[in-house]
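Participant: Numbering (our numbering), first residue to last: 9 to 219.
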């Protein structure tokens, strides 16, 4: 399971409970991670008529996101919202052509009630967040949500947070919605001193901004 967001029993129930949250109901545009545990929530977003952005793996393309428009899809939401489905049925889009993001759905290895989050270690979710902030797509209006198994919710103080790590606002398990008392600042954009030359060279969007 190393290097992955762990799937969990109850992911469908967590997605259904998330759909009852006010922040979800108020959101028109969702940026979602591509991992399996959040597949039910991505599918639900399309069912609920929300525009969904998913990142191209490793942000490796000139157009680093796919957009899934529920009004334009000719396949069921479940099919379109898989990682393969997004690549096939989504439309590649540049950061500059994206809409303001109301809600970010992220996967987590572990979280706590202060909003601290541990990802799978690649740093791509943090970069997606930072690029969105720099582009004015992500701001204080954006709610950050994760769906997890209860065993992934840890006591505060066990998850280290670096300056480039974003915190979550809501934790949704199959049985409850936890509103975090967030104790960690959101990154103000791309922290260039946290990136090495190889990472910048591998991501076209970073290369353009670094010139």
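Ideal Cβ placement from N, Cα and C applies to all residues, glycine included.
1) With DSSP run on the structure shown, which of helix, strand or coil describes residue 9?
2) Pairs of beta-carbons, one from the region 36-50 and one from the region 13-24, closer than 8 Å: are there three or more?
3) For residue 23 versus residue 49, is the C-beta spacing smaller than 7 Å?
4) Span of the beta strand (DSSP E) holding residue 37?
5) Thinking just about the alpha-carbon of each residue, which of 81, 66, 69 is nearest to the one in residue 57?
6) For residue 27, which residues from the same chain have a beta carbon less than 7 Å from its beta carbon, with the 5 sequence-adjacent residues on both sides left out?
7) Is it the case that the region 125-136 contacts the region 81-99, given that we only count it when at least three CB pairs across the two stretches are under 8 Å?
8) Under DSSP, the beta strand (DSSP E) around residue 73 begins and ends at which residues?
9) Pull up the DSSP beta-bridge partners for residue 152, would you.
10) Go to residue 208, then tell me how far its alpha helix (DSSP H) extends in each direction, as first and last residue.
11) Measuring only the C-alpha atoms, how far is residue 157 from residue 134?
12) For my contact list, residue 137 and residue 193 are in at a C-beta cut-off of 8 Å; report their separation, rounded to the angstrom.
13) In the DSSP assignment, find the unbroken alpha helix (DSSP H) run with residue 3 in it and report its ends.
14) DSSP beta-bridge partners for residue 100?
15) Buried or exposed: where does residue 99 fall if 16 or more other Cβ atoms within 10 Å of its Cβ makes it buried?
16) Under 8 Å by Cβ, that's how I've got residue 74 and residue 95 pegged, so tell me the actual separation to the nearest angstrom.
17) Tell me whether residue 66 sits in a helix, a strand or coil according to DSSP, three-state version.
Facilitator: Put simply:
1) No answer about residue 9 holds up, because its pLDDT of 43 lies below 50 and its placement is not dependable.
2) Verdict: yes, contact present.
3) yes
4) 37-40
5) The option with the nearest alpha carbon to residue 57 is 81.
6) 52, 56
7) Using a Cβ-Cβ distance cut-off of 8 Å, the region 81-99 and the region 125-136 are not in contact, since fewer than three pairs of beta carbons, one from each stretch, lie closer than that value.
8) 73-76
9) 112
10) 205-210
11) 22 Å
12) Incorrect: roughly 12 Å between the Cβ atoms, too far for contact.
13) The structure shown does not extend to residue 3, since the chain is modelled only from 9 to 219, so the question has no answer here.
14) 74
15) exposed
16) 7 Å
17) helix
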